[in-house]
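Each residue of the sequence shown is one higher than the one before, starting from 181 at the first, in the working numbering. Backbone N, C-alpha and C fix where the C-beta goes; we use that ideal spot for every residue, glycine too. Since the structure is predicted, the reported quantities are computational estimates derived from the model, not experimental observations.
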Amino acid sequence: IIASIGFAFDIYELLMLPLILGPALRELVGAVPGDPEFQMWLGRLFYWPAIAGGVRSATLDLEPIRQHFRRHPDGNFGIATGNGLLVLDVDGPPGARTLRRLQRENSRLPETVTVVTGKGRHFYFRCSSACRSSDGKLGRGVDVRGEGAYVVGPGSIHPSGKSYRFEKGHGWDDIAVAE
Numbered sequence: 181i182i183a184s185i186g187f188a189f190d191i192y193e194l195l196m197l198p199l200i201l202g203p204a205l206r207e208l209v210g211a212v213p214g215d216p217e218f219q220m221w222l223g224r225l226f227y228w229p230a231i232a233g234g235v236r237s238a239t240l241d242l243e244p245i246r247q248h249f250r251r252h253p254d255g256n257f258g259i260a261t262g263n264g265l266l267v268l269d270v271d272g273p274p275g276a277r278t279l280r281r282l283q284r285e286n287s288r289l290p291e292t293v294t295v296v297t298g299k300g301r302h303f304y305f306r307c308s309s310a311c312r313s314s315d316g317k318l319g320r321g322v323d324v325r326g327e328g329a330y331v332v333g334p335g336s337i338h339p340s341g342k343s344y345r346f347e348k349g350h351g352w353d354d355i356a357v358a359e
């Protein structure tokens, strides 16, 4: 019974959210529906995927991708990893420290396609066998994105407002994806 009551309150809060969001944002930050700032705050507070199915809906077919960006020209997008693609996701100062330690103990990362993210970097690599994903197994702030995962693509906007962008000289057209 207690779980049912909790569920009912959760549903009530979700149903009430559209009624309180506009006045709350207007009062707190002066943003009103229709303003770019309102949309920015809405995006920071809530995540609505544009495509159902997540990484399972990934495609190499260009036509649905073009249609998606015609409908959502400012939309973020993900790049499915696995199937020969692995991304090392290094987040914030803890991730940078972990990466420096790993490079001291092993060897430096090879030059590869690199994306500057909202709080770190994504290093892209080719892998010849199935590459597993992991969160923090290499150390704090370093995740591996492999089979069944994705990373946010360059050109997308991080909740901090920063744009995901290729590191200078490390874009698709500048350098090969290292193995």
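Secondary structure of residue i, DSSP reduced to three states
{"i": "valine 357", "result": "coil"}
{"i": "histidine 248", "result": "helix"}
{"i": "serine 309", "result": "coil"}
{"i": "serine 340", "result": "coil"}
{"i": "arginine 206", "result": "helix"}
{"i": "leucine 242", "result": "helix"}
{"i": "proline 216", "result": "helix"}
Run of the alpha helix (DSSP H) containing residue i, from where it starts to where it stops
{"i": "threonine 278", "result": "272-285"}
{"i": "isoleucine 259", "result": "Looking at the DSSP string, isoleucine 259 is not in any alpha helix (DSSP H); the run it does join, the beta strand (DSSP E), is 258-260."}
Strand pairing of residue i, partner residues [DSSP]
{"i": "arginine 325", "result": "Val267"}
{"i": "threonine 294", "result": "Phe303"}
{"i": "arginine 236", "result": "Partner(s): none; arginine 236 has no beta bridge."}
{"i": "arginine 360", "result": "Residue 360 lies beyond the stretch modelled for the chain, which goes from 181 to 359, so this question has no answer here."}
{"i": "aspartate 315", "result": "Asp323"}
Cα-Cα separation, residue i to residue j
{"i": "serine 287", "j": "phenylalanine 303", "result": "15 Å"}
{"i": "phenylalanine 189", "j": "proline 203", "result": "Residue placement at phenylalanine 189 cannot be trusted, given a pLDDT of 47 that sits under 50; the coordinates are not used to answer."}
{"i": "leucine 266", "j": "leucine 208", "result": "41 Å"}
{"i": "tryptophan 352", "j": "valine 293", "result": "6 Å"}
{"i": "glycine 349", "j": "isoleucine 355", "result": "7 Å"}
{"i": "glycine 264", "j": "arginine 301", "result": "20 Å"}
{"i": "serine 336", "j": "serine 309", "result": "29 Å"}
{"i": "cysteine 311", "j": "glycine 321", "result": "19 Å"}
{"i": "glycine 210", "j": "glycine 255", "result": "24 Å"}
{"i": "arginine 306", "j": "aspartate 215", "result": "42 Å"}
{"i": "proline 244", "j": "arginine 284", "result": "44 Å"}
{"i": "proline 253", "j": "serine 343", "result": "15 Å"}
{"i": "threonine 297", "j": "arginine 325", "result": "15 Å"}
Unbroken beta strand (DSSP E) run spanning residue i, endpoints
{"i": "histidine 302", "result": "300-306"}
{"i": "tyrosine 330", "result": "330-332"}
*Between the stretch 275-285 and the stretch 326-335, are three or more C-beta pairs nearer than 8 Å?*
No, they do not touch.
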